[in-house]
Amino acid sequence: MSKTKHIFAVLILSLLGITLLVSLSKLPNQFEYANSIYHHVVNNSITETGSLNFVTAILYDYRAYDSLGESTIIFGAVSGIVLLLSRKTLPVSSHGLSFIVKRTFGMLTPFIFLFGIYIITHGHLSPGGGFQGGVILGAISIIFSIVYGSEFDYKRYSPTTKTLLETSGALLFIGLGFMGILLGGNFLMNLNILNAEVGSLLSAGSIPFINIGIGFKIGAGLAIIFYSMIQKTFKEEVDL
Amino acid sequence: MNVALILLIVIPLGTAILIPLIDIFHKEVRKYLVVFSAFLEFIILLYIVVNNFSKITNGSIFLTYNLGGWLPPLGINLTLDMLSLYFVALISTAVLFLVIYSIGYIGHHEGKYYVLLFLMWAAMLGIILTSDIFNFYVFLELVLITTAPLIAFKRNREGTEAAIKYMFYGILGGVFIFIGIILIYFNLGTLNFAEISANFNMLPLNIQILISIFFLVGLFIKLGIFPFHFWVAKAQSAAPSPISALLSGVVEKIYIYAFLRLIWNVFGINVLQDTGMSKIIIYVALLSSIIGHVLALYEDDLKRMLAYSTIGHLGIIIAIVTVNTKFAIMAGLLHVLSHLLMKISLFTSAGFLLQFTPSHKLKDSRGVAHENISVFSGFIIAAAGMMGLPPMIGFFSKLFIVRSFINSSFYFGASLVVLGSIFSFIYYSRYITYGFKKISLGSPEEFRLILSVLYREKVVKNIALLFVIAVVLSGIFYKTVFCPLEGVYNVLENPSLYIDLILGG
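As given, the protein sequences belong to chains Z and V, one line each in that order. Its first residue numbered 60, the first sequence is counted upward by one per residue in my numbering. Its first residue numbered 76, the second sequence is counted upward by one per residue in my numbering.
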């Protein structure tokens, strides 16, 4: 029974694959569309947004609304995982690794933190940005739990703090959006807050602030995901 | 420029973000915040309707909002025309009452529940209002990510299995749509609906067909049309009742909106009609419809039965709009409304009635009618609407569907609709006869263990009855619902108007 099923599945899949291959091979090799938004972004994005990084200019200025949606997906995933994984009985937290590892990470962690902050704040100048830097910040919480034991993580960086950081990051993003409306423009307009010359740290309008907001949101969100997988989460879930 | 459009999306989104913050400081406020923002959303919708009432009556409403101040081809813009307005009105009103229903129904883990519910709401409105294809995809995935945990909300084996299955199918559908978007950007260099629409017919025909097939397969997987229907029953029966109502009544309608918008306004229905693909779609949808009804006939679980009946009705809607005559599209759109109202009232009253029974099984529901006759008669009225009995709205939408099938000489489709009605008569009457049987139910402790307890019984009951009243009233005043649909039809039939309005303004 299962064997015929497998053969059937393989047949259908290979048939679909061949059809797809034939169709895709008929696509022309080179596409040149005169009115593509690509030309506009490449030629004008530095003067229009003040960001040296094209990707950042697209993500946080031209299509900042998409980034709002994407970071909201992370927010939704965090809420879902916390909802599903929180439970009453829990495994006892680890006590951390050996003294050598603890000392080494004691020296390394500040630099990891600094690197995360650097990636976030220089999003408009170099590769990186809120999403990438946020992941690095989220890793710090994982280091705390693995190297020093999850109780240390709970004391230093409690779930309440994490939630506060996450929501404040999201609120910063939406707040910047509303600032645009209040200042007479549109939602998520690039505000003229930081207007030093292009290429310096304090440039590119509100893009660095959006980066910081997303960075906090992603970092705290990933920390919450990791945390809810290893230990008991908020009190609300405990008194079920 | 209309700020109300962005407020429609940001209010549920902001509420979802505020709820965890409020949970830290003061949990009691959460309930009021949730209801307050749901009503605020409704007030903004009313504001839009009242402000543009004369334009709505002649079908020429067109509001637009450029996000970030970038003009359409470059940035993302939100648009609201008759088609979007129709779906926004349906969804916002339905979700408003389902939020109130949830306050009575859900008693644990409320914080995260409302976060996910409001994110889902924001995402659904985002899908409807956007006119940018990548933004459309982002919100489509947000709907998926937020619905899956809600399906597994009961955290039992059944729910987890259903949620994982739903995730797999949803992601697969999303991947198909994403490949379609990549092909569009690769070929046209733009993501704006209007620009795609203006240039789509300059592409070679095989690429046009390829892109449409990718989108159609993606949407059909997400809709649960026949070859991909396996997740529907599991997901809708495992979820708590308000979420089942949302999944079946509201979320599925989003994909119908996406189908209408993409195929008519963006790709153009001509591609499908010239290549004969529209015939295939009609037959696949009709086949799916009859399979849904047959599976419902064999089902002995109430919520799974309702879920299979959803497949049946969605198939009919997809088939009738693809027939693409004026009357057919209007009938299909009316059936969107009628299915939404009837399915939500069925699921909400089932959620109330299931508290008296030890399980979802039909034969366990003996004597339910004597427990609460008012909700049970509400269930009967909504079920009668599903069968297509007058004066419920289901009668008129089914009548118009049959008539437009016959007018375009699709006798096969017309007979299938009638057959589906007969099938639904059989499977609903099975539940109803079980309900009237006089057998004492088990002791309360016995089923308290199996089913969730209702927290505010009165709220749940009244909302369920409210939806039933809506089914009857919209049936009696069906003309007031049906006539504005002409404006929706005009939007669908004039893609060039849509292009001009977005790119010109």
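For each residue, glycine too, the CB sits at the ideal point set by N, CA and C.
C-alpha distance - residue i paired with residue j, whole-angstrom precision
i      : j      : result
V:M17  : V:T397 : No answer is possible for residue 17 of chain V: the residues shown for chain V start at 76 and end at 580.
Z:H181 : Z:S227 : 20 Å
Z:I195 : Z:S259 : 23 Å
V:E568 : V:I577 : 16 Å
V:D575 : V:P433 : 58 Å
V:W306 : V:V250 : 17 Å
V:K102 : V:I131 : 41 Å
Z:S200 : V:V492 : 58 Å
V:Y244 : V:N399 : 29 Å
V:L533 : V:G186 : Correcting the residue type first, residue 533 of chain V is Lys in the shown sequence and not Leu. Taking the straight line from one Cα to the other gives about 22 Å.
V:K328 : Z:T163 : 55 Å
V:I355 : V:I288 : 12 Å
V:A457 : Z:P186 : 57 Å
V:A360 : V:I392 : 8 Å
V:R441 : V:I208 : 50 Å
Z:I271 : Z:I202 : 22 Å
V:N77  : V:L204 : 12 Å
V:K378 : V:A164 : 26 Å
V:L173 : V:S167 : 10 Å
Z:D298 : V:L215 : Here the model assigns Z:D298 a pLDDT of 40, short of 50, so the residue's position is not dependable, and the following value carries that caveat. One C-alpha to the other measures close to 34 Å.
V:M242 : V:I220 : 8 Å
V:L121 : Z:L235 : 27 Å
V:N133 : V:T139 : 18 Å
V:I282 : V:K436 : 49 Å
Z:L79  : V:K297 : 21 Å
Rounded Cβ spacing between residue i and residue j (contact assumed at less than 8 Å)
i      : j      : result
V:D376 : V:S316 : About 14 Å separates the two Cβ atoms, so there is no contact after all.
V:N152 : V:S206 : 6 Å
V:S413 : V:G469 : 5 Å
V:V190 : Z:S287 : No, V:V190 and Z:S287 are not in contact; Cβ-Cβ is about 14 Å, not under 8 Å.
Z:I96  : V:T265 : 6 Å
Z:T222 : V:L217 : Incorrect: roughly 20 Å between the Cβ atoms, too far for contact.
Z:G280 : Z:E225 : 5 Å
Z:I233 : V:V85  : 6 Å
V:Y383 : V:L370 : 4 Å
V:G144 : Z:G244 : 5 Å
V:G407 : V:F471 : Not really, about 13 Å apart at Cβ, beyond 8 Å.
Cβ-heavy atom distance, residue i to the ligand NAD, below 7 Å
i      : result
V:M380 : Here there are no bound small molecules, and the ligand NAD is not part of this structure.
Beta-carbon neighbours of residue i, restricted to chain Z and to distances below 7 Å
i      : result
V:E216 : I132
V:P148 : I96
V:P315 : Under the 7 Å cutoff, chain Z gives no residues; its nearest Cβ is about 12 Å from V:P315.
V:K187 : S138, V141, L142
Beta-bridge partners of residue i, as assigned by DSSP
i      : result
V:K436 : V:D376
V:T154 : V:T139
V:N267 : V:D207
Chain-ordered neighbours of residue i on chain Z, where CB pairs are closer than 9 Å
i      : result
V:A360 : The contacting residues do not exist; V:A360 stays about 21 Å from chain Z at best.
V:N399 : Chain Z residues near V:N399: none, gap ~25 Å exceeds 9 Å.
V:R105 : Within chain Z, no residue comes near V:R105; the closest Cβ sits about 10 Å away, beyond 9 Å.
Interface partners of residue i on chain V, CB under 7 Å
i      : result
Z:E129 : V213
Z:K85  : N281
Z:V114 : The premise fails here: Z:V114 is roughly 14 Å from chain V at the closest Cβ pair, so nothing lies under 7 Å.
Z:G244 : G144
Z:S82  : N281, L285
Z:I240 : V78
Chain Z residues whose Cβ lies nearer than 8 Å to that of residue i
i      : result
V:F209 : R122, D125
V:A223 : G139
V:L191 : G135, S138, G139, L142
V:A79  : Correct list: empty, because the minimum Cβ distance to chain Z is about 11 Å.
V:R230 : L143
Beta-carbon neighbours of residue i, restricted to chain V and to distances below 8 Å
i      : result
Z:T19  : Outside the shown range of chain Z (60 to 299) lies residue 19 of chain Z, about which nothing can therefore be said.
Z:L223 : L96, I99
Any C-beta of chain B under 8 Å from that of residue i
i      : result
Z:A263 : Considering every chain present, this structure includes no chain B. Its protein chains are Z and V.
Cross-chain neighbours of residue i in chain V, by beta carbon under 9 Å
i      : result
Z:L253 : Within 9 Å Cβ-Cβ: nothing; Z:L253 doesn't reach chain V, min ~17 Å.
Z:H99  : P148, L149
Z:L230 : G89, I92, L93, L96
Z:N249 : G143, G144
Z:I233 : V85, L88, G89, I92
Point to revise | Unbroken stretches of the alpha helix (DSSP H), 4 residues or longer, contained in the region 192 to 273 of chain Z | key: 209 to 215, 218 to 241
Check your understanding: Taking the runs of the beta strand (DSSP E) that are 3 residues or longer, which of them lie wholly in the region 268 to 323 of chain V?
Key -> none
Check your understanding: Can you give, in chain order, each stretch of the alpha helix (DSSP H) that sits fully within the region 167 to 249 of chain V and has at least 4 residues?
Key -> List check, alpha helix (DSSP H) in window: 185 to 204, 208 to 226.
Review point. Going along the chain, which unbroken runs of the beta strand (DSSP E) with 3 or more residues stay wholly within the region 107 to 136 of chain Z?
Key: none
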